[in-house]
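Since the structure comes first, as structure tokens, the remarks are kept for the end.
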Amino acid sequence: MANENQKKPQNSNPQNLRFQQRFYNWLDLRVGIDSLLHEALDEPIPGGARWAYVFGSVLLFLFISQTITGIVLALYYVPSADHAHTTVAYIVKEVTGGSFLRSLHAYGSSAVVIVLLLHLTQTYLYGAYKGRRELLWISGCVLLALMLAMAFTGYLLPWDQKAYFATTVGTNMAADVPFIGTWLKRFMRGGNEMGTLTISRFFVAHVFLLPAALIGFVAMHVYLFRKAGAAGPPSADPIKPELPTQRFYPRQVVMDTVVALVMILILGGLAHFAPFELGPRANPADTQYIPRPEWYYLPIFQWLKYWRGPYAIFGIVIIPAITALLLVCVPFIDRRLERRPWRRPIAVGVFLFILACFVAMGLMSARDDRRDPSIAAQVTKQREATEQFMREPFQPETGASSISAPAVTVIDPLAAAGKKVYESEACDACHGENGVGTSAGPKLSGATAQKSAEELARLLRHPTAKMIEGEMKPVDVSDDDLKVLVAYIKSLK
Amino acid sequence: MNEADYSGSADKVAPEPVSRRSFLGVLLGFGTVVMGAALSVPLIRFALHPLLTKTTDIGWSEVGKIDEFASLTAPLKKLITVEQRDGWRKIVSEKAIYVLPMKDGVLRVLSPICPHLGCSIPWVDAKHQFICPCHTAIFTLDGVRVSGPAPRPMDNLESKIDNGTLKVRYQYFRQLIPTKEALS
Chain A
1 MANENQKKPQ NSNPQNLRFQ QRFYNWLDLR VGIDSLLHEA LDEPIPGGAR WAYVFGSVLL
61 FLFISQTITG IVLALYYVPS ADHAHTTVAY IVKEVTGGSF LRSLHAYGSS AVVIVLLLHL
121 TQTYLYGAYK GRRELLWISG CVLLALMLAM AFTGYLLPWD QKAYFATTVG TNMAADVPFI
181 GTWLKRFMRG GNEMGTLTIS RFFVAHVFLL PAALIGFVAM HVYLFRKAGA AGPPSADPIK
241 PELPTQRFYP RQVVMDTVVA LVMILILGGL AHFAPFELGP RANPADTQYI PRPEWYYLPI
301 FQWLKYWRGP YAIFGIVIIP AITALLLVCV PFIDRRLERR PWRRPIAVGV FLFILACFVA
361 MGLMSARDDR RDPSIAAQVT KQREATEQFM REPFQPETGA SSISAPAVTV IDPLAAAGKK
421 VYESEACDAC HGENGVGTSA GPKLSGATAQ KSAEELARLL RHPTAKMIEG EMKPVDVSDD
481 DLKVLVAYIK SLK
Chain B
494 MNEADYSGSA DKVAPEPVSR RSFLGVLLGF GTVVMGAALS VPLIRFALHP LLTKTTDIGW
554 SEVGKIDEFA SLTAPLKKLI TVEQRDGWRK IVSEKAIYVL PMKDGVLRVL SPICPHLGCS
614 IPWVDAKHQF ICPCHTAIFT LDGVRVSGPA PRPMDNLESK IDNGTLKVRY QYFRQLIPTK
674 EALS
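Chains as they are written, first to last, in my numbering: chain A, 1 to 493; chain B, 494 to 677.
Below, the structure written as structure tokens:
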């Protein structure tokens, strides 16, 4: 074959060739890099590379980008109601490149949703779920749900007004689930109210549980895709596409990379020129605030407006559940091997109808808000509050946890006399004010102070070998002074 | 598997010549490395933020009214509160300092931290000396070294008198070296 050797390093210099060849062979014998590369890059694509196939790779790329930016954001973020907003403000306003990276992460989540929809649409229109690809399709549906859950849980973490109120509404909706609704809502919130436990739960889901599930399902999705093989253009048979093939590398890899590059440029440009904003800290007492979800949840938000009273359960639970189930069952319902969209008018018609409904409801939601003058005014006010907050310099939090010696008032006169000995003998130099301990000596309050008077007196006169090793010196005072010193130490418990 | 070299197809795809495949490989590899390097710059700067930014100046802490120190005969231990930035929070901690008896109309403030290994040095009134309890470094009333392992005198803290109030700028200094060098 013409390109049999293309994977082997090539160089006109024979000296180099020999070295590179030897290194490659050395690596191959230990890692099996040759078959790995073959497996990764030589995937045959029936009908050749196309721009329509780039979305899966771009999603993988975005997932990696979200993971990396997410990990570094965790360097400064603290998941608690007390500190979450301060730490995000610190990231945005003070940390070098903080606003940029947070914007990449926040805009990245929107990009994931957009590319997911494109990937889903392409797969559906091309009928690429057909021909023994049911599990591949279902794992994709699970990934869609997991990604939407990532977006929902991540949204709360900055703990600004928008995050707080949107999540309040989001978790309230869970209460409409039959039988377990109330319990489910309390489970998500970690109580009846939104609070610090809610942040912890959302953080654990966003950072540990969902990413772990995502990695597992991404691996499964890629494996099942490779097992079934690329489906190729809609004209091809989904099981035996009798079309000439082209390898994944290089043409498809180049196309994927070009789109990923465009993605980076768009996200980087947005993050640089229009940084993602942080609003004022959540104020649960605010009764004026009008919460609006992120744009990709707007259609659902609008949809829910139409369902009130006893029928709400249809709108909130039953119809969405049926739609989700239909989506998951698509490969079982549409079992013909015909893939060309114009030969599948019903399947394509239903899909496009639902898609159009989503877009229309999103637009209607935006239009409703613009038309209602009171809402428009409040939304403008919220916008201004956010801009105002972004202009203010960062305010560090004044910690209640500042280190200072507890103000112990010594009532016992014996102990009061002992405190003088404690200070004149410079015990406080190592054991700190009131025996709180320092880096040079252990604390005396607590366990030590609970020892018997006899034992304390003996230890002061004759420190143990371990104490001497820690620079403790035998206390050289009169017996009376020793007695009051022991009384003082005992008063520290 | 009939890999890249198929023939006679109506499809527009064609096998890639070897040179183009390796050229694209180099281009892709190079592009990935350049993009990766460009993207890792903000990541690294973000992670190194605490090292790259100068810590904000430590402010002045109030010690007390100067009248209080006018007639001192021995060093007076005072506790001051120091406000510091700790990442995204501000902490207030209590530190001990010594105000020395006035000399030539000047009030001096000493850090109680031993320049040897960092123990807190008490003023021993009975012996009229500073005696470090750890390795018995001894200093005079002025903080001048008398004996012991300390490599330099006790450290002077920057102080000023503002509207009749003595103020001090608390700092830590590097231990075990003969010159005073502030830790930022």
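Built from N, CA and C at the ideal position, the CB exists for glycine as well.
None of these values were measured; they are calculated from a predicted model.
Next on the checklist: Just checking: is the beta-carbon of B/Ile-614 within a distance shorter than 9 Å of some beta-carbon in chain A?
Outcome noted: Yes, B/Ile-614 counts as interfacial toward chain A.
Item to check | Chain-order list of residues whose beta-carbon lies under 7 Å from that of A/Thr-86 (same chain, five-residue window excluded) | outcome: Taken in chain order, the residues that qualify are Glu-397.
Checklist entry - Candidates A/Ile-319, A/Tyr-249, A/Ala-429 and A/Glu-277: which alpha carbon is nearest A/His-38's? => result The shortest C-alpha separation from A/His-38 is found at A/Tyr-249.
Checklist entry - Taking the DSSP output, what are the residues bridged to A/Arg-281? => result BP columns for A/Arg-281 point to A/Asp-160.
Item to check | Buried or exposed by the 16-neighbour rule on C-beta atoms within 10 Å, applied to B/Leu-565 | outcome: Flag for B/Leu-565 reads exposed.
Checklist entry - Which residues mark the beginning and the end of the alpha helix (DSSP H) in which B/Gln-623 is found? => result Strictly speaking, residue 623 of chain B in this sequence is Phe, with Gln absent from that position. For B/Phe-623, there is no enclosing alpha helix (DSSP H); the enclosing beta strand (DSSP E) has its first and last residue at 622-624.
Checklist entry - With burial defined as no fewer than 16 other Cβ atoms inside 10 Å of the residue's Cβ, what is the status of A/Arg-383: buried or exposed? => result Exposed.
Checklist entry - Would you report the Cα separation of A/Thr-171 and A/Phe-179, rounded to the nearest angstrom? => result Using only the alpha carbons, I get a separation of about 16 Å.
Checklist entry - Among A/Asp-256, A/Leu-27 and A/Ile-71, which one has its Cα closest to the Cα of B/Phe-539? => result In terms of CA proximity to B/Phe-539, A/Ile-71 leads the group A/Asp-256, A/Leu-27 and A/Ile-71.
Next on the checklist: Less than 9 Å between CB atoms is the rule here; does B/His-621 satisfy it with respect to chain A?
Outcome noted: Chain A, which has no Cβ nearer than 9 Å to the Cβ of B/His-621, makes this no.
Checklist entry - Do we get a CB-CB distance below 9 Å when we pair A/Pro-442 with the residues of chain B? => result Contact with chain B is absent for A/Pro-442, since none of that chain's Cβ atoms lies less than 9 Å from the residue's Cβ.
Checklist entry - At a cut of 8 Å, does the region 185-202 of chain A reach the region 311-329 of chain A through at least three beta carbon pairs? => result Contact between the region 185-202 of chain A and the region 311-329 of chain A is absent, with fewer than three C-beta pairs closer than 8 Å.
Item to check | Contacts of A/Phe-100 in chain B (Cβ-Cβ under 7 Å) | outcome: The answer, in chain order, is Pro-535.
Checklist entry - chain A beta carbons: is any one of them nearer than 9 Å to that of B/Leu-569? => result Interface flag for B/Leu-569 against chain A is unset, since no Cβ pair is found closer than 9 Å.
Checklist entry - Does any C-beta atom of chain A lie closer than 9 Å to the C-beta of B/Arg-582? => result At least one CB atom of chain A sits nearer than 9 Å to the CB of B/Arg-582.
Checklist entry - What residue from A/Ile-68, A/Tyr-488 and A/Pro-158 has the CA that sits closest to A/Gln-450's CA? => result Of the listed residues, the one whose Cα sits closest to A/Gln-450 is A/Tyr-488.
Item to check | Uninterrupted beta strand (DSSP E) stretches inside the region 35-118 of chain A (no shorter than 3 residues) | outcome: The DSSP assignment places 44-46 as complete runs of the beta strand (DSSP E) inside the region 35-118 of chain A, in order along the chain (cut-off: 3 residues).
Checklist entry - Where does A/Val-475 fall in DSSP's three states? => result Coil, per DSSP.
Next on the checklist: Can you tell me which residues form a DSSP beta bridge with A/Phe-187?
Outcome noted: DSSP output for A/Phe-187 lists no bridge partner at all.
Checklist entry - For A/Trp-342, does the count of other Cβ atoms within 10 angstroms reach 16, so buried, or fall short, so exposed? => result Exposed, by the Cβ-count rule.
Item to check | A/His-83 at chain B interface by Cβ criterion, 9 Å | outcome: Under the Cβ distance rule, A/His-83 counts among the residues neighbouring chain B, one pair being separated by less than 9 Å.
Checklist entry - At a Cβ threshold of 9 Å, is B/Ala-630 touching chain A? => result So no, B/Ala-630 is outside the interface.
Checklist entry - What does B/Ala-540 reach in chain A if we use C-beta pairs closer than 7 Å? => result Around B/Ala-540, the beta-carbon contacts reaching into chain A at under 7 Å are Val-72 and Leu-75.
Next on the checklist: Could you check whether A/Pro-44 and A/Arg-497 sit closer than 9 Å to each other, using their CB atoms as the reference points?
Outcome noted: The structure shown has nothing for residue 497 of chain A, since chain A only spans 1 to 493.
Checklist entry - Under 8 Å Cβ-Cβ, which residues of chain A neighbour B/Met-528? => result Ordered by position in chain A, the residues that pass the 8 Å Cβ test against B/Met-528 are Leu-261 and Ile-264.
Checklist entry - Hey, is A/Ala-89's beta-carbon within less than 9 Å of any beta-carbon in chain B? => result Chain B contact via Cβ: present.
Next on the checklist: With a threshold of 9 Å between beta-carbons, can A/Tyr-126 be considered close to chain B, or not?
Outcome noted: No, no contact with chain B.
Item to check | Cβ-Cβ distance between B/Pro-568 and B/His-609 below 9 Å | outcome: Taking C-beta atoms as the reference points, B/Pro-568 and B/His-609 fail to come closer than 9 Å.
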